[in-house]
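Working notes for the structure below.
In my numbering, the protein residues as written are 658 to 915.
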């Protein structure tokens, strides 16, 4: 069921969004060649434990698309991994493409956001192009999150950017409603038909999250951890996400990273 938030409830969601955004900003600055994925996970754990009213949305999370409960505080996806990456004992190498996806509840309200970046000096232009595509697609999707538009307008805007870059699009996983829980209605695909679908109204809070792979739209679940989603052909992926609220004045980003 799609839930609309009051103005007061949207205000109550902002601390969680700002908290998630600030952690991702700090993680991007501190993640270097040699940083271990478990260090990133532990940093997030300590941030959550130090914040009154904060709880991880990932620890013990057990949806039907995972294998058993998730046991970490952040998703760390590297190179051919693009979603639901489980942190493990791996030191990042020069040129690794890293996607960090973080969802935290503060005082019962969730903020959900993701970033992708390349560590080190070996910045492959193709990796940077892929990341830029997800960022531009996110901006395009947010721009269409206007009262009176349709959900398909957001999806179509995201898909148009991806198609312009020549990247294939997977529709199995996409954006979603956000509120007291991390994943709610509606589903927000990364491609679709303009002027179709649910009519957008003030009070709707959704996560918009373009993610693309360089040369395929097919993914598989890593059986070693039962969670990490990887490209079927080994090509790299990138993922960018914001939680936004639709207001009478247009979209408002709740997971700002300034």
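Backbone N, C-alpha and C fix where the C-beta goes; we use that ideal spot for every residue, glycine too. In this text the structure is predicted, and so the values were computed from the model without any measurement.
Cα-Cα separation, residue i to residue j
i: residue 756; j: residue 781; result: 15 Å
i: residue 806; j: residue 799; result: 12 Å
i: residue 668; j: residue 890; result: 43 Å
i: residue 884; j: residue 662; result: 31 Å
i: residue 632; j: residue 876; result: With the chain running from 658 to 915 in the structure shown, residue 632 is simply not present.
i: residue 783; j: residue 665; result: 43 Å
i: residue 731; j: residue 717; result: 12 Å
i: residue 859; j: residue 776; result: 39 Å
i: residue 893; j: residue 778; result: 18 Å
i: residue 703; j: residue 913; result: 21 Å
i: residue 759; j: residue 707; result: 16 Å
CB of residue i within 8 Å of CB of residue j, strictly
i: residue 802; j: residue 908; result: yes
i: residue 849; j: residue 813; result: yes
i: residue 744; j: residue 681; result: no
i: residue 705; j: residue 684; result: no
i: residue 761; j: residue 774; result: no
i: residue 750; j: residue 701; result: no
Simplified DSSP state of residue i, which is helix, strand or coil
i: residue 810; result: helix
i: residue 779; result: coil
i: residue 790; result: helix
i: residue 698; result: helix
i: residue 784; result: helix
i: residue 723; result: coil
i: residue 818; result: helix
i: residue 728; result: coil
i: residue 683; result: helix
Buried/exposed call for residue i, threshold 16 Cβ in 10 Å
i: residue 688; result: buried
i: residue 897; result: buried
i: residue 659; result: exposed
i: residue 846; result: buried
Worksheet item: Taking one C-beta from the region 757-774 and one from the region 815-822 each time, how about it: are there three or more such pairs within less than 8 Å?
Response: no
Pairs of beta-carbons, one from the region 849-860 and one from the region 868-881, closer than 8 Å: are there three or more? no
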